[in-house]
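Reviewing the structure listed below.
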Ligand SMILES: Cc1cc2nc3c(=O)[nH]c(=O)nc-3n(C[C@H](O)[C@H](O)[C@H](O)COP(=O)(O)O)c2cc1C
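Numbering (our numbering), first residue to last: 574 to 1019.
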């Protein structure tokens, strides 16, 4: 539970050009930002200047929508981007999304463990099950039901964790004088009959100083919540209003107690920010961004995400209750849909919903740095969240606006760090090193 004994945690989502769908058209932004490594490195350096916990890369291994009027979200493979960012930064955490449906556990475990070592223990894996139909066409053409994806995910995540722990923490000897390199009896091999992938291990090198990468989970359906409660250190959510966020947090924390977790996962929803020096400036910026939106396309995307025919929606109309899909019928992400549902139930028009939700279903605040800080503080003090993954409307100028104007307010209020205390992402998040390693260390005679 958040308390003022703990600090806020803040990540920066590197959502291509930014969280607003028209970000790529904003003056000063490279329209090709989604595959421009300098764009990503520049934003990560700004985030580190703001002492943020981590940068975060979403990922879908497919072109998921019509790109006639909007570039893809992120194009470059995230662990490759983060290995470049690792060399260009010193302390900031590095979170990459990778799908449990479209990867094999050994390759994924190895890739993330290598990145964790390369970066000095700054890495997290955002485990997602991926629902984009376009992805299906790149991996055999068979659609996999949500329940089956999550069944695989549970085994997948625990198998990856076991692989990350497959090198005993005291097995390295590397004695050049005696010629003894390692005590390989200390490999912690997996029993190939107890994971559904038939994997034995071990991985190809030892762990980083943080034990193994932090595990993040994104996906707000019931099985998604269970996966987060059981296996994740951090949950990346999409939360539309405080009441719903409080309910979700209570549910996640109760589930994590059922799984006998010593601490509940940190909850860090996405938050799209549109910042201006004054309220009027912020509103004007939002209006200018919205003017660059293709509303018909945005309405089609909204209809698709809800699984309803676009003809049932009109820009100035509200969304009738009877066409709002049940949670288990949402085609893509239940977590994302909840934010849209909150606005629909408030009787907002389709135009207002499109304008009030950005970055595929995350809550948006338009305001001054004080107003943004107030909202962050209110949710944190209410115990609904442990912080946020900030998604600036436009990364190029929205990131410095947050780092240079909102962060100092949070610091002044005693809510956010004034310097990095640790080197690893676990230290930034205040997450203990993996249980098994801690237990092994406690029972060791040394
Ligand atoms: C906040 C949030 C972020 C997500 N990010 C990704 C992502 O980057 N890549 C991806 O394939 N799926 C992502 N997902 C979707 C889920 O992993 C997955 O596709 C799932 O089936 C839908 O999630 P649900 O449990 O919310 O229904 C995200 C879901 C949420 C709620």
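Backbone N, C-alpha and C define an ideal beta-carbon position, used for all residues, glycine too.
Can the beta-carbon of residue i be found less than 8 Å from the beta-carbon of residue j?
i	j	result
residue 667	residue 627	yes
residue 999	residue 783	yes
residue 699	residue 635	no
residue 678	residue 729	yes
residue 980	residue 592	no
residue 842	residue 802	no
residue 908	residue 771	no
residue 726	residue 800	yes
residue 596	residue 863	no
residue 717	residue 673	no
residue 671	residue 691	no
residue 865	residue 964	no
residue 1025	residue 818	Residue coverage of the chain in this structure runs from 574 to 1019, which leaves residue 1025 outside it and unanswerable.
residue 619	residue 997	no
residue 682	residue 736	yes
residue 747	residue 637	no
Could you work out which residue in the options is closest to residue i when comparing CA atoms only?
i	options	result
residue 788	617, 926, 658 and 732	732
residue 898	889, 930 and 913	913
residue 621	975, 851 and 925	975
residue 1034	816, 992 and 965	It is not possible to answer for residue 1034, since the shown part of the chain is limited to 574 through 1019.
residue 744	736, 756, 734 and 735	756
residue 988	949, 602 and 610	949
residue 955	610, 821 and 701	821
residue 795	864, 717, 722 and 849	722
residue 669	661, 695 and 663	695
residue 893	921, 904 and 836	921
residue 641	686, 594, 664 and 600	594
residue 810	804, 823 and 793	793
residue 879	906, 870 and 853	906
residue 930	875, 835 and 719	875
residue 918	835, 978, 814 and 849	814
residue 719	734, 977, 701 and 849	701
For residue i, I'd like the list of residues in its chain whose CB is within less than 7 Å of its CB, leaving aside the five on either flank, ordered along the chain.
i	result
residue 982	942, 943 and 946
residue 939	847, 855, 856 and 859
residue 779	740 and 745
residue 872	883, 886, 888, 923 and 927
residue 657	610 and 614
residue 768	728 and 732
residue 1006	783, 784 and 999
residue 664	621, 993 and 996
residue 828	798, 799 and 802
Within 7 Å: the Cβ of residue i and any heavy atom of ligand 1?
i	result
residue 961	no
residue 632	yes
residue 797	yes
residue 909	yes
residue 766	no
residue 915	no
residue 722	yes
residue 791	yes
residue 729	no
residue 810	yes
residue 829	no
residue 570	Because the chain here runs from 574 to 1019, residue 570 falls outside it and cannot be looked at.
residue 843	yes
Are there 16 or more other CB atoms within 10 angstroms of the CB of residue i, so buried, or fewer, so exposed?
i	result
residue 703	buried
residue 751	exposed
residue 962	buried
residue 902	exposed
residue 861	exposed
residue 602	buried
residue 632	buried
residue 764	exposed
residue 584	buried
residue 580	buried
residue 825	buried
residue 758	exposed
residue 576	With a pLDDT of only 42 at residue 576, under 50, the local geometry of the prediction cannot be trusted, and the value read off the model is given with reservation. With fewer than 16 Cβ atoms within 10 Å of its Cβ, residue 576 is classed as exposed.
residue 832	exposed
residue 574	Note that residue 574 scores a pLDDT of 40, beneath 50, so its modelled location is shaky and nothing firm can be said.
Less than 8 Å between C-beta atoms, sequence neighbours within five positions excluded: which residues of the same chain meet that for residue i?
i	result
residue 925	916
residue 839	582, 806, 807, 808, 959, 960, 1002 and 1004
residue 762	739, 773, 774 and 775
residue 868	888, 924 and 927
residue 890	922 and 923
residue 688	652, 655, 656, 659, 667, 669, 696 and 786
With a CB to CB cut of under 6 Å and the five nearest residues on each side skipped, what residues in its chain are close to residue i?
i	result
residue 589	606, 607, 646 and 647
residue 587	613, 616, 628 and 630
residue 881	896
residue 649	608
residue 661	614
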